[in-house]
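Working notes, structure below.
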Amino acid sequence: PNDSRSTSKRKVIAVVGGGLVGALNACYFAKRGFAVEVFESREDIRQAKIVRGRSINLALSHRGRQALKHIVTKGIPMHARMIHSLNGTRSPIPYGKKGQYILSVDRTNLNKELLTAAEAYPNTKMNFGHKLLDWSFESGAMTFLRKQFLRQSRFNYSQTYIPHGYMELTMPPHNGDFAMEPNFLHIWPRNTFMMIALPNLDKTFTCTLFMPFEEFEKVTTEDQVIEFFQTYFPDAIPLIGVEALKRDYFRLPAQAMVSVKCSPYHMGDKCVIMGDAAHAVVPFYGQGMNAGFEDCLVFNEVMDQLNEDFSAVLKEYTRVRVPDDHAIADLAMYNYIEMRAHVNSKWFIFRKYVDNFLHFLMPKTIIPLYTMVINRGLSICGVVSVVGGTYLLLKHVPRNFGSIPQQLWTQAQTLKWF
Ligand SMILES: Cc1cc2nc3c(=O)[nH]c(=O)nc-3n(C[C@H](O)[C@H](O)[C@H](O)COP(=O)(O)OP(=O)(O)OC[C@H]3O[C@@H](n4cnc5c(N)ncnc54)[C@H](O)[C@@H]3O)c2cc1C
Ligand SMILES: Cc1cnn(-c2ccc(OCc3ccccc3)c(C(=O)O)c2)c1-c1ccc(Cl)c(F)c1
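Letter by letter, the sequence shown follows residues 1010 to 1427 in the working numbering.
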């Protein structure tokens, strides 16, 4: 915020980035009566024809929906995962009770809605085509560079590009309807290779193929694309379509995925970073946007707690938020490492049944980590990690599985879980 010396004039808040998190933040600040200026390097996406190269749809969890509050966005509820096995069988695994679902939302549509909601406030000004290049902590002059943060002493920063890339493919409607069951998060877990599909309101699915760049580079001809899908995702070929597969695979190169962790998130009482600017996470928990939206919610709560005293608010925001965002980044990376190493369809199904079975046995004591993450804020101390714990448990389960529930119960007691 530019500090207006005279208390009579409200502080001006500059929001750098008019993406999902920046636009939501602008709403929060504008609602408080601040004068808000949004600076976005791209042109106004509401005027643009298409926005290329970004993941087209996103899974919005309960936590993310809470942050959006009155900005109710259209989307398709996904009440369960649908696991696609190599032999073509499909196994639905519910996320929990009826009300527990994640919403498949169109990224660009959500961003447009958030920009329009921010712009609706008379005290908000949008500046598109403004790529801020520098920023002075002393004067507050707005030309912003990330290295400004990197220059700050005792600023911790880490960035990890993973060897996997991702590519988006579109699954068209069949006979005017969804090609697959729409209210599911479709997952094809093939260890190193994974594919997911989320439904869109226009009855298409956006499929996201994850695999190592070196594998993407081996597939260079249209026939090799079909061969690859015949080997790993045979049931998807008739659903996407042979010609569409051949065309879409070469439309855009595979995109990189990076994990960024840093701290602190603030500088003095002048600047705070949120969303991917502060914690870009690998998408193997589908929580990056949700975590960014929760950043806005938490910041807004701290503003209330500390009466909008920015020097106290920014410091407290870093204190409370860094551990949770780092945990989400770590969980997403953990998930990536576990999924690429162990997770085929049998393992995915088994793990989720174990999670759901333990949760059924002790709903208050054992909460599957994924359920915890998508349903409410992740309070580190409160997290009973079923994913990791079950993994350890199963590593010690004797080979002769026998009656799994009995085995698990015995093992769980041995580990003094309860
Ligand atoms: C393949 C994939 C799948 C994903 N799936 C999910 C999912 O299912 N669920 C989920 O919750 N998250 C998901 N995510 C993560 C999600 O996309 C991001 O966490 C989210 O977009 C972060 O929002 P943001 O506003 O922080 O950043 P962005 O959406 O990237 O917005 C940043 C904005 O700032 C602008 N900008 C950047 N630099 C400057 C500058 N110097 N000056 C001015 N403007 C600038 C950019 O143009 C952009 O508009 C996924 C990500 C990927 C890659
Ligand atoms: C976009 C989005 C939204 N949520 N998730 C997600 C992620 C992980 C999950 O389980 C981890 C696990 C399953 C089995 C064993 C260990 C861990 C679950 C689940 O429990 O359904 C859901 C994704 C997603 C993103 C990328 C890939 Cl590759 C993927 F498969 C899913």
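Using N, Cα and C, we set each Cβ at its ideal position, and we do this for glycine too.
Bear in mind the structure is a predicted one, so any value in this text is a computation, not a measurement.
DSSP bridge partner residues for residue i (one or two, in chain order)
i       : result
Lys1270 : Ser1167
Cys1280 : Met1276
His1093 : Arg1099
Phe1202 : Arg1199
Gly1174 : Met1220 and Ala1265
Asn1066 : Asp1115
Asp1186 : His1183
Gln1208 : For clarity, residue 1208 is Pro in the given sequence; the question names Gln instead. Partner(s): Phe1214.
C-alpha distance - residue i paired with residue j, whole-angstrom precision
i       : j       : result
Leu1306 : Glu1049 : 21 Å
Asp1211 : Thr1082 : 15 Å
Val1047 : Ala1035 : 7 Å
Lys1355 : Leu1378 : 19 Å
Ile1249 : Ala1263 : 18 Å
Leu1159 : Glu1231 : 44 Å
Ala1068 : Val1114 : 6 Å
Ala1265 : Tyr1258 : 16 Å
Leu1029 : Pro1221 : 28 Å
Ile1065 : Val1024 : 24 Å
Asn1129 : His1079 : A small correction: the amino acid at residue 1129 is Ala; Asn does not occupy that position in the sequence shown. Each residue's Cα considered, the two are about 13 Å apart.
Trp1144 : Cys1271 : 19 Å
Thr1229 : Glu1223 : 11 Å
Gln1233 : His1183 : 25 Å
Leu1261 : Thr1217 : 13 Å
Arg1349 : Phe1219 : 10 Å
Leu1077 : Tyr1110 : 16 Å
Phe1137 : Gly1149 : 20 Å
Asp1278 : Lys1040 : 20 Å
Val1331 : Phe1237 : 41 Å
Ile1022 : Thr1117 : 24 Å
Ala1289 : Lys1255 : 31 Å
Gln1296 : Phe1369 : 25 Å
Tyr1104 : Ala1057 : 36 Å
Asn1316 : Val1045 : 18 Å
Lys1020 : Ala1287 : 23 Å
Residue from the options whose Cα sits closest to the Cα of residue i
i       : options                               : result
Phe1319 : His1275, Phe1359 and Trp1144          : His1275
Phe1357 : Gly1250, Val1021, Asn1200 and Phe1369 : Asn1200
Lys1361 : Gln1056, Glu1052, Arg1090 and Phe1038 : Arg1090
Ile1383 : Met1203, Arg1072, Tyr1166 and Asn1120 : Arg1072
Tyr1170 : Glu1177, Val1251 and Met1342          : Met1342
Met1180 : Gly1297, Pro1191, Asn1136 and Ala1076 : Pro1191
Gly1097 : Ala1300, Lys1279 and Ala1245          : Ala1245
Leu1273 : Arg1328, Gly1295 and Lys1227          : Residue 1273 is actually Pro in this sequence, not Leu. Ranking the options by Cα distance to Pro1273, first place goes to Arg1328.
Asn1120 : Phe1302, Arg1349 and Asn1309          : Phe1302
Thr1213 : Phe1219, Phe1187, Lys1227 and Phe1193 : Phe1187
Phe1359 : Met1087, Asn1309, Pro1198 and Lys1134 : Pro1198
Met1204 : Tyr1345, Arg1051, Leu1370 and Arg1019 : Tyr1345
Met1151 : Gly1026, Arg1116 and Leu1033          : Gly1026
Cys1280 : Leu1323, Val1291 and Ala1289          : Leu1323
Lys1107 : Asp1278, Arg1116, Pro1086 and Ile1235 : Pro1086
Asp1339 : Phe1293, Gly1277 and Phe1237          : Phe1293
Ala1253 : Ile1235, Met1135, Tyr1326 and Asn1118 : Ile1235
Phe1193 : Gly1174, Tyr1175 and Arg1099          : Arg1099
Tyr1241 : Ser1094, Arg1019, Leu1207 and Asn1165 : Ser1094
Trp1084 : Ala1127, Gln1239 and Glu1122          : The residue you asked about is not Trp; residue 1084 is Gly in the sequence shown. Of the candidates Ala1127, Gln1239 and Glu1122, the one whose C-alpha sits nearest the C-alpha of Gly1084 is Glu1122.
Continuous beta strand (DSSP E) stretch holding residue i: start and end
i       : result
Trp1197 : Phe1193 to Arg1199
Asp1115 : Ile1111 to Asp1115
Pro1221 : Phe1214 to Pro1221
Thr1133 : Thr1133 to Phe1137
Glu1046 : Ala1044 to Glu1049
Ile1054 : Note, Ile1054: premise wrong, no beta strand (DSSP E); not H, not E.
Ala1023 : Val1021 to Val1025
First through last residue of the alpha helix (DSSP H) which encompasses residue i
i       : result
Val1311 : Gly1297 to Gln1314
Asn1384 : Leu1378 to Asn1384
Met1431 : It is not possible to answer for residue 1431, since the shown part of the chain is limited to 1010 through 1427.
Asn1353 : Asn1353 -> no alpha helix (DSSP H), and no H or E assigned at all.
Asn1034 : Leu1029 to Lys1040
Ala1253 : Val1251 to Tyr1258
Ile1235 : Glu1231 to Tyr1241
Leu1077 : His1071 to Leu1077
Asp1285 : Asp1285 to His1288
Ligand 3 heavy atom lying under 8 Å from the CB of residue i
i       : result
Phe1202 : Absence of ligand 3 from the depicted structure is noted, with ligand 1 and ligand 2 being the only ligands included.
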